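S.K.:
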Amino acid sequence: EAAKWARQAVGAYEAAGDQHNALETQALLVWASAASASRAEALRERARWREAVSREEGASDSFPIVVLEARIAEALGETKEALALRRRALTQATAQAQPLMMLEQRFWIARLLAHAGQRRELERVRAELLRDLEAHGLRRMADELRAVTPALERISQR
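If you want the numbering used here, it's the position in the sequence shown, counting the first as 1, plus 8.
1) Counting Cβ pairs closer than 8 Å, one from the segment 136 to 143 and one from the segment 106 to 125, do we hit at least three?
2) Span of the alpha helix (DSSP H) holding histidine 123?
3) Report yes if the CB atom of tryptophan 13 is closer than 8 Å to the CB atom of isoleucine 80, and no otherwise.
4) Pick out whichever of Gly145, His123, Leu146, Arg147 has its Cα sitting closest to the Cα of valine 156.
5) Could you tell me if alanine 30 is buried or exposed, where buried requires 16 or more neighbouring beta carbons within 10 angstroms of its beta carbon?
6) In terms of residues, what are the limits of the alpha helix (DSSP H) holding aspartate 140?
7) Which residue comes first and which comes last in the alpha helix (DSSP H) that contains glutamate 49?
8) Which residue marks the beginning of the alpha helix (DSSP H) containing threonine 99, and which one marks its end?
9) Looking at the unbroken alpha helix (DSSP H) that takes in serine 44, where does it start and where does it end?
Structure below.
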């Protein structure tokens with residue numbers, strides 16, 4: 009049912025000439041498909057979405073599109089691609105001097121590093137990231153990071 013409404017929203021955005029919001033809404037549909045539908049269908053939907061993004065000047069370089077592309081890759085289990093996209097988003101957030109957007113991207117990079125078993129790099133970024141999350145009052149994110157990296161937590165307490 010939600011997908012039906014989202015498709016209607018895409019149509020409304022397109023009819024109003026708002027391609028930016030249409031693309032972002034389409035990306036959410038692709039992400040939902042990647043998380044729940046068959047992999048083949050999700051890949052077809054992503055290909056269609058990427059085609060639409062490529063037709064919109066500058067869209068593929070926009071921060072929201074890069075983040076949505078990373079979420080889609082994560083949902084499809086494409087950890088290496090998701091990590092590259094999250095790093096790209098971090099670079100964009102840094103260039104825009106957006107500290108909270110930077111923290112969010114660092115958080116997702118750490119989660120992906122944990123998922124990929126890239127322990128050395130995760131160890132390098134984890135302690136500083138936890139401090140920064142706590143300093144900004146983002147305790148839920150800090151707790152979630154601790155939960156996905158329990159082995160490192162035990163090591164750091166020694």
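All C-beta atoms, glycine included, are put in the ideal place defined by N, C-alpha and C. All figures in this text were calculated on a predicted structure; none of them were measured in a lab.
M.R.: Once the coordinates are examined:
1) Using a C-beta cut-off of 8 Å, the segment 136 to 143 makes contact with the segment 106 to 125, since at least three inter-stretch Cβ pairs fall below that distance.
2) Here the question's residue 123 lines up with position 115 in the sequence shown. Run containing histidine 123: 107 to 124, per the alpha helix (DSSP H) assignment.
3) Reading the sequence shown from its first residue, position 5 is the one you call residue 13. Reading the sequence shown from its first residue, position 72 is the one you call residue 80. Their beta carbons are not under 8 Å apart, which means tryptophan 13 does not touch isoleucine 80 by this criterion.
4) Mapped onto the sequence shown, residue 156 falls at position 148. From the listed residues Gly145, His123, Leu146, Arg147, the smallest Cα separation to valine 156 is found for His123.
5) For this step, residue 30 is matched to residue 22 along the sequence shown. Burial call: buried.
6) The count along the sequence shown starts at 1 and reaches residue 140 at position 132. 127 to 143 is the extent of the alpha helix (DSSP H) around aspartate 140.
7) On the sequence shown, residue 49 is found 41 positions in, with the first residue counted as 1. Counting along the chain, the alpha helix (DSSP H) containing glutamate 49 begins and ends at 47 to 63.
8) Taking the sequence shown and counting its residues from 1, one reaches residue 99 at position 91. It spans 87 to 103 - the alpha helix (DSSP H) in which threonine 99 sits, taken as one unbroken run.
9) As a first step, residue 44 is located in the sequence shown; it is residue number 36 there, counting from the start. 27 to 44 is the extent of the alpha helix (DSSP H) around serine 44.
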